[in-house]
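Here the structure comes first, spelled out in structure tokens, and everything after it is commentary.
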Amino acid sequence: MTASTSSQPETLITVAPTGAEAEKSAVPALPVTLSELLVTAKECEAAGAAVIHVHIRDEAARPTLDRRRLADTVAALREGTDLIVQLSTGGAVTDSFTDRLAVLDAGPDACSLTCGTVNFGDEVFANPWPFVKDLYQLTQERQVVPEFELFDLGQVATLHRLLGEFGPPAGGRVHCDLVMGVPGGMPGDMATLAAAVAALPAGATWSATGIGRTTLPVLFGALAAGGHLRVGMEDTLTFARGRPVARNAELVERAAELARLAQRPPMRPDGARAFLGVPDRRT
Ligand code: KMH
Ligand code: ZN
1 MTASTSSQPE TLITVAPTGA EAEKSAVPAL PVTLSELLVT AKECEAAGAA
51 VIHVHIRDEA ARPTLDRRRL ADTVAALREG TDLIVQLSTG GAVTDSFTDR
101 LAVLDAGPDA CSLTCGTVNF GDEVFANPWP FVKDLYQLTQ ERQVVPEFEL
151 FDLGQVATLH RLLGEFGPPA GGRVHCDLVM GVPGGMPGDM ATLAAAVAAL
201 PAGATWSATG IGRTTLPVLF GALAAGGHLR VGMEDTLTFA RGRPVARNAE
251 LVERAAELAR LAQRPPMRPD GARAFLGVPD RRT
């Protein structure tokens, strides 16, 4: 079997509510405090999300990888929701490799793991091989389930190398997220989606997210091709032409509705834990 073009019966929906790029002053609806994040997480869980991809902000709403704040965030999300807590190890383009590795000290269920360097608008999102392999081995040691973030096809080759040299991930499932439409990464079109899916390791599962105006085409394409979905204000700030996103939950509601229409209703968090092999750290 090559990577999953065969449909899964349910759709795993991940919400990425905040990101590291948008500014609170320009986007008041962006959840940046812990209480805003918790409210968002609860609404998104009720709307059909099973995983939350988390970036945090400091008291001035700037992106941070502060260890105490990360640990408090994991604890609060675990206490207040059943969502799988996936911390970003990508952080902001300015974060050091040391701080990005230390994200795992917060004890998340899961983490993102980007498989290579990519131009990121006017910036560079740096993920050289030595960092990628150190982070991967740390996820194996700590049993934190990685989600392989793939911004271009070269990164798929790096994923094959990673698995070939270091073996399967914590949890046992190779689950990827195709991040499409970043200026500098792969475009969010159907030909590229099909090529990326065809290149994935045999048996891998995948979700996709389209940045900005690629959001809807990538969402429809992923559902049609049997993939899973990531949505949220990290990836798009516009709900429809000329209409800003009011709440992350409306993006999840739309994704869940389309998943139901596709006869692949949203996977609930416990189902997602079993699907991804996420150990239950809730007490
Ligand atoms: N903020 C981007 C530079 C991730 O979360 O792992 C990287 C990013 C990927 O968002
Ligand atoms: Zn992210």
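Per the numbering used here, the very first residue in the sequence shown carries number 1; after that it's consecutive.
Cβ atoms here follow ideal geometry from the backbone N, Cα and C, with glycine treated the same way.
Quantities reported herein were computed from a predicted structural model and do not represent experimental measurements.
With burial defined as no fewer than 16 other Cβ atoms inside 10 Å of the residue's Cβ, what is the status of P279: buried or exposed?
-> Stepping through the sequence shown from its first residue, residue 279 is reached at position 279. So P279 counts as exposed.
Unbroken stretches of the alpha helix (DSSP H), 4 residues or longer, contained in the stretch 187 to 251 | 190 to 199 and 215 to 224
Pick out whichever of P130, Q143, D82 and L200 has its Cα sitting closest to the Cα of C176.
-> Locating residue 176 in the sequence shown gives position 176, counting from the first residue. If we check each option's Cα against that of C176, L200 comes out closest.
With hydrogens ignored, establish whether the beta-carbon of E147 is closer than 7 Å to any heavy atom of the ligand ZN.
-> Within the sequence shown, residue 147 is the residue found at index 147, counting from 1. No - the ligand ZN has no heavy atom lying nearer than 7 Å to the Cβ of E147.
Residues near R282 in its chain [Cβ-Cβ closer than 6 Å; skip 5 each side] | Along the sequence shown, one-based indexing puts residue 282 at 282. R78, listed in sequence order.
Alpha carbon to alpha carbon, what distance is there between R264 and L276?
-> In the sequence shown, counting from the first residue as 1, residue 276 sits at position 276. In the sequence shown, counting from the first residue as 1, residue 264 sits at position 264. When rounded, the distance between both Cα atoms is 17 Å.
Let me know the secondary structure DSSP gives G185 once reduced to three states.
-> On the sequence shown, position 185 is the one that residue 185 refers to. DSSP places G185 in strand when its eight states are reduced to three.
What do you reckon, is the C-beta of E234 under 7 Å from a heavy atom of the ligand ZN?
-> Here residue 234 is taken as the residue at index 234 of the sequence shown, counted from 1. True, at least one ligand heavy atom lies under 7 Å from that Cβ.
Does any C-beta atom of chain B lie closer than 8 Å to the C-beta of T158?
-> No chain B is present in this structure, which holds just one protein chain.
Helix, strand or coil for T89 per DSSP?
-> For this step, residue 89 is matched to residue 89 along the sequence shown. T89: coil per DSSP, three-state reduction.
Residue from N119, P187, I211 and T64 with nearest C-alpha to L237 = Here residue 237 refers to the residue found at position 237 when the sequence shown is read from its first residue. Considering only alpha carbons, the answer is I211.
Just mark T18 as buried or exposed, buried being the case when its beta carbon has 16 or more other beta carbons within 10 Å.
-> What you label residue 18 is simply residue 18 of the sequence shown in a count that begins at 1. So T18 ends up on the buried side.
Can you name, in chain order, every residue of its own chain whose Cβ lies under 7 Å from the Cβ of A22, other than the five neighbours on each side?
-> To locate residue 22, count along the sequence shown from 1; it is residue 22. Excluding sequence neighbours, A22 sits near L30, M233 and L237.
What whole-angstrom Cβ distance do A246 and E43 have, given they're in contact under 8 Å?
-> Taking the sequence shown and counting its residues from 1, one reaches residue 246 at position 246. Taking the sequence shown and counting its residues from 1, one reaches residue 43 at position 43. Not really, about 11 Å apart at Cβ, beyond 8 Å.
Have a look at the DSSP bridge pairing and note the partners of L178.
-> Translated into the one-based positions of the sequence shown, residue 178 becomes position 178. According to DSSP, L178 bridges with L150 and A208.
Just the Cα atoms here: how many angstroms apart are R57 and G107?
-> Here residue 57 is taken as the residue at index 57 of the sequence shown, counted from 1. Here residue 107 is taken as the residue at index 107 of the sequence shown, counted from 1. Taking the straight line joining both Cα atoms gives about 18 Å.
Do A20 and the ligand KMH come close, with the Cβ less than 7 Å from some heavy atom?
-> Mapped onto the sequence shown, residue 20 falls at position 20. Yes - the ligand KMH has a heavy atom lying nearer than 7 Å to the Cβ of A20.
Count the other CB atoms within 10 Å of the CB of L261; is the residue buried (16 or more) or exposed (fewer)?
-> Start at 1 with the first residue of the sequence shown, and residue 261 comes out as number 261. The residue in question, L261, is exposed, as its Cβ has fewer than 16 Cβ neighbours within 10 Å.
Over what stretch of residues does the beta strand (DSSP E) that includes T114 continue unbroken?
-> Counted from its first residue, the sequence shown places residue 114 at position 114. Taken as a continuous stretch (DSSP letters only), the beta strand (DSSP E) holding T114 covers A110 to T114.
Return the bridge partner residues of N119 from the DSSP annotation.
-> To locate residue 119, count along the sequence shown from 1; it is residue 119. Answer is V124, bridged to N119.
Environment of T284 [buried if 16+ CB atoms lie within 10 Å] = Examination of residue 284 is not possible in this model, given that the chain is present from 1 through 283 alone.
In this structure, does DSSP put P269 in helix, strand or coil?
-> The residue you call residue 269 lines up with position 269 of the sequence shown. In the structure shown, P269 sits in a helix (DSSP, three-state: H, G or I).
Look at the alpha carbon of E36 and the alpha carbon of D235, and state the distance between them as a whole number of angstroms.
-> Sequence index remark: in the sequence shown, residue 36 carries index 36 (1-based). Sequence index remark: in the sequence shown, residue 235 carries index 235 (1-based). Going by the C-alpha atoms only, they are around 18 Å apart.
Counting only the same chain and skipping the five closest in sequence on each side, list residues whose C-beta sits under 8 Å from that of D270.
-> Sequence index remark: in the sequence shown, residue 270 carries index 270 (1-based). If the five residues before and after D270 are omitted, its C-beta is found closer than 8 Å to the C-beta atoms of D82, all from its own chain and listed in chain order.
Who pairs with T64 in a beta bridge, going by DSSP?
-> If you number the sequence shown from 1, residue 64 lands on position 64. BP columns for T64 point to I56.
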